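Enquirer: Starting off with a structure, shown below.
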Amino acid sequence: SAVISQKPSRDICQRGTSLTIQCQVDSQVTMMFWYRQQPGQSLTLIATANQGSEATYESGFVIDKFPISRPNLTFSTLTVSNMSPEDSSIYLCSVEIRAREQFFGPGTRLTVL
Amino acid sequence: QKEVEQDPGPLSVPEGAIVSLNCTYSNSAFQYFMWYRQYSRKGPELLMYTYSSGNKEDGRFTAQVDKSSKYISLFIRDSQPSDSATYLCAMSAQGNYQLIWGAGTKLIIKP
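As you go down the protein sequences, you meet chains L and S in turn.
The first sequence begins at 625 in our numbering and counts up one residue at a time.
The second sequence begins at 5 in our numbering and counts up one residue at a time.
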């Protein structure tokens with residue numbers, strides 16, 4: 625398994641501002657993922673972040689809105705830009721340790737006013 | 005039609021009961037099948053992982069995969085109030101790292 629931490633754990637932000645979420649893993653991993661989870665809903669993949677390459681975004685998510693950095697094998701950031709109340713959600717990072725086995729961080733609970 | 009169907013519940017059972025959670029899927033290419041448990045305000049936790057078909061047991065938990073019926077199950081024996089959580093199934097095809105998720109079933113174990 626892996627130990628994954630996220631910062632911040634929660635935040636309340638104003639409309640139009642940006643928030644950067646950090647994800648730190650205790651071991652080197654190739655594949656990291658960013659998800660969004662609306663309250664009471666399942667997980668929606670935002671993008672896949674591999675070290676040394678551009679993030680791959682899923683349909684409905686764009687780099688200008690959700691820029692991602694992956695500077696090394698243990699760290700990644702997701703920025704939620706120009707936020708609106710519709711961006712209020714839980715944002716989760718995960719890592720793949722073995723084939724398809726993903727381990728998740730505790731999540732960042734974002735509220736946009 | 006969604007690729008993965010899962011009844012969102014809630015499913016409420018008395019303590020000590022055997023719980024059966026299920027997912028159906030439509031993509032015959034799925035080879036990897038996972039069950040995750042998610043407590044309120046926490047990230048999902050990998051509970052069971054199965055490659056291809058068959059059964060896998062871990063303590064009170066048993067995962068079953070029936071590829072002919074495109075149906076997977078998670079059984080919890082001697083259920084405890086601490087098992088109260090949302091259970092999500094996830095699956096993936098060979099050569100595709102993306103997980104396809106079920107909606108999650110909220111399970112409530114009554115003391």
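Quick reminder that beta carbons are idealized off the backbone N, C-alpha and C, glycines included.
Predicted model, so just to flag it, every value in this text is computed and none were measured.
Could you confirm whether any beta carbon from chain L is found closer than 7 Å to the beta carbon of residue 48/S?
Expert: At least one chain L Cβ lies under 7 Å of residue 48/S.
Enquirer: Assuming residue 51/S contacts residue 109/S (C-beta within less than 8 Å), just tell me the rounded distance between them.
Expert: No, residue 51/S and residue 109/S are not in contact; Cβ-Cβ is about 13 Å, not under 8 Å.
Enquirer: Does DSSP classify residue 718/L as helix, strand or coil?
Expert: Here residue 718/L sits in strand by DSSP.
Enquirer: Near residue 691/L, what residues of its chain come up, given a Cβ to Cβ distance below 6 Å and the 5 sequence neighbours on each side ignored?
Expert: Within the same chain, residue 691/L has close Cβ partners 703.
Enquirer: With a cut-off of 7 Å, does the C-beta of residue 105/S fall near any C-beta of chain L?
Expert: With 7 Å as the cut-off, residue 105/S counts as an interface residue toward chain L.
Enquirer: Quick one: give me the first and last residue of the beta strand (DSSP E) that residue 635/L is part of.
Expert: Residue 635/L -> beta strand (DSSP E) spans 634-637.
Enquirer: Using a 10 Å radius around the Cβ and a threshold of 16 neighbouring Cβ atoms, would you call residue 724/L buried or exposed?
Expert: Buried is the call here.
Enquirer: Between residue 659/L and residue 630/L, what straight-line distance do the alpha-carbon atoms span, to the nearest angstrom?
Expert: Cα to Cα, the separation comes out at about 13 Å.
Enquirer: Quick one: grab the DSSP three-state call for residue 710/L.
Expert: Residue 710/L falls in the helix class under three-state DSSP.
Enquirer: Check whether chain L comes within 7 Å of residue 96/S, counting only Cβ atoms and requiring the distance to be less than that.
Expert: Yes, residue 96/S counts as interfacial toward chain L.
Enquirer: How would you label residue 694/L, buried or exposed, when you count the other beta carbons within 10 angstroms and need 16 or more for buried?
Expert: So residue 694/L ends up on the buried side.
Enquirer: With C-beta atoms as the reference, is residue 80/S less than 7 Å away from residue 8/S?
Expert: No, the Cβ-Cβ distance between residue 80/S and residue 8/S is not below 7 Å.
Enquirer: Looking at chain L, is there any beta carbon in it that lies within less than 7 Å of the beta carbon of residue 29/S?
Expert: No, residue 29/S does not count as interfacial toward chain L.
Enquirer: Whole angstroms are fine: how far does the CA of residue 670/L sit from the CA of residue 32/S?
Expert: Their backbone Cα atoms lie some 25 Å apart in a straight line.
Enquirer: Cα separation between residue 672/L and residue 15/S?
Expert: Approximately 33 Å, taken between the alpha carbons.
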